[in-house]
Amino acid sequence: MLRIKSRCWRCGEVALAIEDIILVEHGDGDGTFYVFTCYGCGDPQAYPADPRFVDFMRMNGREPIILSPPIECKEAEKNPPLSWDDLLDLHLQLESDG
Ligand SMILES: [Zn+2]
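Numbering (this note's numbering), first residue to last: 40 to 137.
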């Protein structure tokens with residue numbers, strides 16, 4: 040059986056079956072990651088996947104899952120970040136409402 044070597048942050052080197060690995064591609068172009076659950080400790084692991092690894096997985100019939108961020112994320116990018124003044128205003132508003 041085909042084995043792929045990776046690392047667990049706790050157990051060190053682990054050998055995985057191709058079926059143990061899930062490719063996850065960010066729909067907004069932030070790259071592709073591979074995730075698996077370590078069979079030694081049970082911890083979930085996630086690492087960036089380079090394009091050659093993505094090609095290798097695709098050649099073996101493992102297509103990435105595409106994650107699309109909710110539309111609210113895109114809308115929020117247009118708004119300025121919260122400032123201390125915004126937080127103080129919120130605090131005063133909450134106090135006056137109570
Ligand atoms: Zn582990």
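Glycine included, C-beta positions come from ideal geometry on N, C-alpha and C.
Spatial neighbours of residue i within its chain, please: CB distance less than 6 Å, with the 5 preceding and 5 following residues excluded, ordered by chain position.
{"i": "Asn99", "result": "Ile57"}
{"i": "Val93", "result": "Thr71"}
Since residue i sits in a beta bridge, which residues does DSSP pair it with?
{"i": "Gly51", "result": "Cys47"}
{"i": "Gln84", "result": "Phe75"}
{"i": "Ile64", "result": "In the sequence on display, residue 64 carries Glu and not Ile. DSSP lists Thr71 and Ile105 as partners of Glu64."}
{"i": "Ala115", "result": "None, per the DSSP bridge assignment."}
{"i": "Arg42", "result": "Ala56"}
Say the cut is 7 Å; is the CB of residue i nearer than that to a heavy atom of ligand 1?
{"i": "Arg42", "result": "no"}
{"i": "Asp82", "result": "yes"}
{"i": "Gly70", "result": "no"}
{"i": "Cys112", "result": "no"}
{"i": "Gly79", "result": "yes"}
{"i": "Arg97", "result": "no"}
Please work out which residues of its chain come closer than 8 Å, Cβ to Cβ, to residue i, disregarding the five sequence neighbours upstream and downstream, and give them in chain order.
{"i": "Thr76", "result": "Asp59, Asp82, Pro83 and Gln84"}
{"i": "Met40", "result": "Ala56"}
Tell me whether residue i counts as near ligand 3, meaning its Cβ is closer than 7 Å to at least one heavy atom of that ligand.
{"i": "Val63", "result": "Ligand 3 is not among the ligands present in this structure, which contains only ligand 1."}
* **the stretch 61-73 touching the stretch 101-120, judged by at least three CB pairs closer than 8 Å** => Touching, yes.
* At a cut of 8 Å, does the stretch 75-89 reach the stretch 45-53 through at least three beta carbon pairs? -> Yes, since at least three Cβ pairs between the stretch 75-89 and the stretch 45-53 fall closer than 8 Å, the two stretches touch.
* Please confirm if the stretch 104-120 is in contact with the stretch 66-75, defined as three or more CB-CB distances below 8 Å between the two stretches. => With a cut-off of 8 Å, the stretch 66-75 and the stretch 104-120 count as touching, because enough Cβ pairs lie within range.
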